[in-house]
Amino acid sequence: MPQLSQRIGRAKPSAIMQVAEKAKALKAAGRDIISFSIGVPNFLPGQHVYDAARDALSHDSGQYGSNRGSDALIAAFLKHIEQVGLTGYTAANCATGIGAKHVIYNLAEALLDEGDTIAFAAPYWTSYLDIADIVNAKIDLLECPPSQDYKLTPAQLDAALAKKPRVFLFNNPNNPTGMVYTKDEISALADVIVKHPDTWVITDDIYNRMVFDGIGYHNFVQARPELKERVIFIDSLSKTYGMPGWRVGFMAGPETVAKAVVTMNSNHITNLPEVTTAAAIAALSGPQDVPTEKCTEFQAKRDQVMAVMNAIPGVVCPRPQGAFYVFPDVSAYFGKSHGGKVIANDIDLCNALLEAKGVACVPGSAFGEPRALRISYTCPTPQLAPGLQRFQEFFAELS
């Protein structure tokens, strides 16, 4: 029979979704499962978003839309990013996609030829590696261990960019670690980027409204405005507005890049659906009380999780200041046993934790850091304390 393409052989199922599906199956079988696995915000947008969607249904045009995104949606996005200090962009600098992941994939197709190099820090969001593999790019991983708070240093970036990768992909706030770069840290990295003009820079900053402790969100373009000609900013409705299933992502960057993404859309998706567009406009332009309240709630949950991480001997967990993840280094427990089973690595630990305590986490190796595991603390608030207690009990039982 005919063979599949080599490209599909490089595509891999999401490691995060595999854990989530296993937890879902155990729950369906009657197990009491608390999931710290999938990065779903677990709240819904305000009523005005649903009202806008219903109104759009009642006035559906039945026509194709814009490959870029509707004028009203782009205008709402431009006002949205102005609020975080990204000014001077026009509609020609913007494009939309079916979620941020789709926009990043389109950018990979538009910016990378086969054999080109893309550089990014590890730990990394799992899809970065997967997308790079699919487009057959070379990958330069910049290791950022817990000893440097999982953050990229200027010296590391300088060495990486000196090799002239086609793309440098940056994530702030970070998934899986929850770490956020300060204004000074962003400025120092921006100074390095200016020295290396041959590299495109993608800032995947979809958690930019989920920043804690008053440190704020900062971008390379704010630090060095001349970088505007090659920095591409990515945003999404998924996390900020509790709308991951609506699948709306955005980019703002150089006109040539935006035009390329629009061209990709014309071949891939044509346009965002009309109802989704209406909901997105309402989310961006309407009351912001829900995302504001949720950011405060997530900060409190962060504190609750960190209290437990700090109480477990041997666990090393840099304090995150954004998103809704913590990423503890649990390697001190490798080689110990639970219920007669030896814990050799992060995967063994997560499997044992799920089987023994009904707590689902994602192994750190899925994110390029096998010493750690990711806890997503977006579960319903009543489940958080019991889940953390089970987590603490599990480590106490290892011997």
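Heads up: take any position in the sequence shown, counting from 1, add 7, and you land on our numbering.
Even glycine gets a Cβ: it sits at the ideal position worked out from N, Cα and C.
Computed from a predicted structure; not experimentally measured.
Which residue wins for smallest C-alpha separation from residue i, given the options the options?
i: S142; options: I193, N113 and K158; result: At residue 142 the sequence reads Val, which differs from the Ser that was named. Nearest of I193, N113 and K158 to V142, Cα basis: N113.
i: P294; options: K34, A83, A265 and H203; result: A83
i: K266; options: A32, A117, V312 and P183; result: A117
i: R14; options: K301, G249 and D137; result: D137
i: G252; options: T160, A32 and P52; result: P52
i: Y188; options: P161, A30 and K171; result: P161
i: P204; options: A195, A169 and K190; result: A169
i: G122; options: S194, K145 and H55; result: K145
i: I41; options: N274, A259, V297 and A27; result: A27
i: P387; options: P153, C101, N49 and P280; result: N49
i: T184; options: Q54, V349 and R309; result: R309
i: F43; options: A32, Y332 and P152; result: Y332
i: P325; options: K29, P152, S292 and T263; result: P152
i: D62; options: A166, A286 and A32; result: A286
i: P280; options: D67, Q155 and A32; result: D67
i: D120; options: H275, H55, P172 and I81; result: P172
Taking 6 Å as the limit between beta carbons, can you name the residues of its chain near residue i, skipping five residues before and five after?
i: S134; result: K108
i: D140; result: R17
i: Y7; result: Outside the shown range of the chain, which is 8 to 406, sits residue 7, and nothing can be said about it.
i: A339; result: G321
i: S273; result: N74
i: G375; result: A129, P130 and Y131
i: F177; result: T210
i: F334; result: P183, T184, A379 and R381
i: Y407; result: In the structure as shown, the chain begins at 8 and stops at 406. Residue 407 is therefore absent and cannot be evaluated.
i: G394; result: I41 and V366
So for residue i, helix, strand or coil by DSSP?
i: A367; result: strand
i: I239; result: strand
i: C386; result: coil
i: G252; result: helix
i: M8; result: coil
i: A259; result: strand
i: H345; result: strand
i: G104; result: strand
i: D4; result: Since the first and last residues shown for the chain are 8 and 406, residue 4 lies out of range.
i: I276; result: coil
i: I209; result: strand
i: V1; result: Residue 1 lies beyond the range of the chain shown here (8 to 406); nothing can be said about it.
i: P161; result: helix
i: S77; result: coil
i: E121; result: coil
i: E89; result: helix
i: S68; result: coil
Who are the near neighbours of residue i in its chain, counting only those whose CB is closer than 7 Å to its CB and skipping five residues on each side?
i: P377; result: N352, D353 and G371
i: V228; result: L93, L234, K235 and V238
i: G346; result: A363
i: I222; result: V187, T189 and Q328
i: I319; result: Q399 and F402
i: C302; result: R216 and M217
When you compare the CB positions of residue i and residue j, do they come within less than 9 Å of one another, or not?
i: V174; j: I125; result: yes
i: F219; j: F127; result: no
i: T277; j: Y71; result: yes
i: I105; j: G256; result: yes
i: H87; j: D242; result: yes
i: A392; j: Q311; result: yes
i: A129; j: K190; result: no
i: E192; j: K158; result: yes
i: G260; j: N358; result: no
i: R216; j: V91; result: yes
i: A59; j: A289; result: yes
i: V47; j: T385; result: yes
Per DSSP, which one or two residues make a beta bridge with residue i?
i: N352; result: The partner list for N352 (beta bridge, DSSP) is empty, contrary to what the question assumes.
i: S126; result: Note on identity: in this sequence residue 126 is Ala, with Ser being the wrong assignment. According to DSSP, A126 bridges with D147 and F175.
i: A18; result: Bridge partners of A18: none, in fact.
i: C324; result: DSSP, once it has assigned bridges, lists no residue as partnering C324.
i: Y332; result: S383
i: S42; result: A367
i: V218; result: G329
Kindly indicate if chain C contains any beta-carbon less than 9 Å away from that of residue i.
i: R17; result: Considering every chain present, this structure includes no chain C. It has just one protein chain.
Please indicate yes or no: does the CB of residue i lie closer than 8 Å to some heavy atom of the ligand COA?
i: Y332; result: This structure does not include the ligand COA; it has no bound ligands of any sort.
Excluding the 5 residues flanking residue i on each side, which residues of the same chain have their C-beta closer than 8 Å to its C-beta?
i: L64; result: V282
i: L164; result: L149, F175, L196, V199 and I200
i: K364; result: R397, F398, E400 and F401
i: L405; result: Y340, K343, S344, H345 and I350
i: V268; result: A102, G104, V110, N113, L114, A117 and M258
i: Y96; result: L85, I88 and A259
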